[in-house]
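Its first residue numbered 14, the sequence shown is counted upward by one per residue in the numbering used here.
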Amino acid sequence: MEIWINPACSKCRGALRLLDEEGADYTVRRYLEDVPSAAEIRAVLDRLDLEPWDITRTQEPAAKELGVKDWPRDAASRDRWIEALATHPKLIQRPIITADDGTAVVARTDEAVREALSRS
Numbered sequence: 014m015e016i017w018i019n020p021a022c023s024k025c026r027g028a029l030r031l032l033d034e035e036g037a038d039y040t041v042r043r044y045l046e047d048v049p050s051a052a053e054i055r056a057v058l059d060r061l062d063l064e065p066w067d068i069t070r071t072q073e074p075a076a077k078e079l080g081v082k083d084w085p086r087d088a089a090s091r092d093r094w095i096e097a098l099a100t101h102p103k104l105i106q107r108p109i110i111t112a113d114d115g116t117a118v119v120a121r122t123d124e125a126v127r128e129a130l131s132r133s
């Protein structure tokens, strides 16, 4: 299992704490330093069964500068959203855990972290 984190994020720190408490075997990816490619974001979106706008932090300054709130949320605009996430990784919702069964979760709650653990 891998967890994408921003160490400054309290939700990320909470997810790591819970994974440690449960003795989980996981790899940390600091996605602001090790920025995921557009292809990696597509793969994670497939695992999450979500669209890029579902994991975009629209209140971030970069999102406001880009005007993402006004972007269409449709198949024709999907690549534009993914490229924005790859270019501005702060826009990616966190933490994201990729489970061993091929799925993933946005692990913003203890319940979501436990769900990922149950899949690994």
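Backbone N, C-alpha and C fix where the C-beta goes; we use that ideal spot for every residue, glycine too.
Residue i versus residue j: straight-line alpha-carbon distance, rounded
i, j, result
"Thr-116", "Arg-60", "4 Å"
"Glu-46", "Pro-74", "18 Å"
"Val-41", "Glu-15", "6 Å"
"Ile-109", "Val-119", "4 Å"
"Trp-17", "Arg-107", "7 Å"
"Asp-66", "Ser-133", "The sequence given here places Trp at residue 66; Asp does not occur at that position. Between Trp-66 and Ser-133, the C-alpha separation is close to 26 Å."
Where the beta strand (DSSP E) containing residue i begins and where it ends
i, result
"Ala-117", "117-119"
"Asp-110", "The question names Asp, but residue 110 is Ile in the sequence shown. That run of the beta strand (DSSP E) goes 109-111."
Residue i, DSSP secondary structure in three states
i, result
"Gln-122", "Reading off the sequence, residue 122 comes out as Thr, not Gln. Coil."
- Message: Quick check for students: name the residue ranges of the beta strand (DSSP E) that lie wholly in the stretch 18-80, counting only runs of 3 or more.
- Response: DSSP runs (the beta strand (DSSP E)) wholly in the stretch 18-80: 40-43.
- Task: Kindly confirm or deny that the stretch 116-131 and the stretch 91-103 touch, where touching means at least three C-beta pairs closer than 8 Å.
- Result: no
- Query: Can at least three beta-carbon pairs, one atom from the stretch 22-33 and one from the stretch 77-86, be found at a separation below 8 Å?
  - Reply: no
- Query: Hey, which unbroken runs of the alpha helix (DSSP H) at 4 residues or more fall wholly within the stretch 78-105?
  - Reply: 91-100
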